[in-house]
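Numbering (the UniProt record's numbering), first residue to last: 1 to 169. Heads up, the beta-carbon is just placed ideally off N, CA and C, and yes, glycines get one too. Below you'll find the structure, written out as structure tokens, and then a few comments.
Take a look at the structure:
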């Protein structure tokens, strides 16, 4: 039975995502509760996408501190599973700390920022450039490494380039 739930988790996450972005019944409390239950089911059964989205929703839109902490836990699981958006968010959480659960840890922050930047997450790359230009997060100033990250930044399509390419279709 557990195997079946793990196999269904990505499908349930996809369904939750579609319902979440559906404009129909946009302010419906019942729809919101259903979507959150679906995301939680998928996250608890190993869907990386659901871990990331559900964690983000809980952490940044949670109604209380316990929900926001729980969201951080889901985000950390998604980050450890390789999700670049969650890795970037965990870098921010560990850089600044959150409540008493996520104490500031500059080493962990750097670790998560680097993982996200290596997957070409644009904000993480920008943060890595700042880290080596300013000597942030306990790292020594290193113009060569900052320049290396700047070169990687050119590999990331900019928002403007993406909008131009979609307009030309």
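Self-check item: Contacts around residue 19, its chain only, beta-carbon distance under 8 Å, and the 5 residues preceding and following it disregarded
Solution: 31, 34, 35, 38
Quiz prompt | CA nearest to the CA of residue 157, picked from 120, 51, 127, 144 | solution = 120
Practice problem: Could you tell me which residues DSSP pairs with residue 20 in its beta bridges? | Solution: DSSP output for residue 20 lists no bridge partner at all.
Practice problem: Pick helix, strand or coil for residue 13, following the three-state DSSP scheme. | Solution: helix
Quiz item: Apart from the five residues just before and just after residue 135, which ones in its own chain have a Cβ nearer than 6 Å to its Cβ?
Solution: Counting only Cβ-Cβ distances below 6 Å, and skipping sequence neighbours, we find 141.
Quiz item: Using the beta-carbon count (16 or more within 10 Å), is residue 61 buried or exposed?
Solution: exposed
Quiz item: When the Cα atoms are used, what is the spatial distance from residue 98 to residue 70?
Solution: 11 Å
Exercise. Please state if the CB of residue 59 and the CB of residue 72 are separated by a distance shorter than 8 Å.
Key: The Cβ atoms of residue 72 and residue 59 lie closer than 8 Å to each other.
Practice problem: Express the C-alpha separation of residue 102 and residue 42 in angstroms, rounding to a whole number. | Solution: 24 Å
Quiz item: What do you get for residue 128, buried or exposed, if any count of 16 or more other CB atoms within 10 angstroms of its CB means buried?
Solution: buried
Quiz prompt | Close Cβ partners of residue 96 (< 7 Å) along its chain, the five nearest in sequence each way excluded | solution = 104
Practice problem: Answer with buried or exposed for residue 144, where buried requires no fewer than 16 other C-beta atoms within 10 angstroms of its C-beta. | Solution: Within a 10 Å sphere around the beta-carbon of residue 144 sit fewer than 16 other beta-carbons, which makes this residue exposed.
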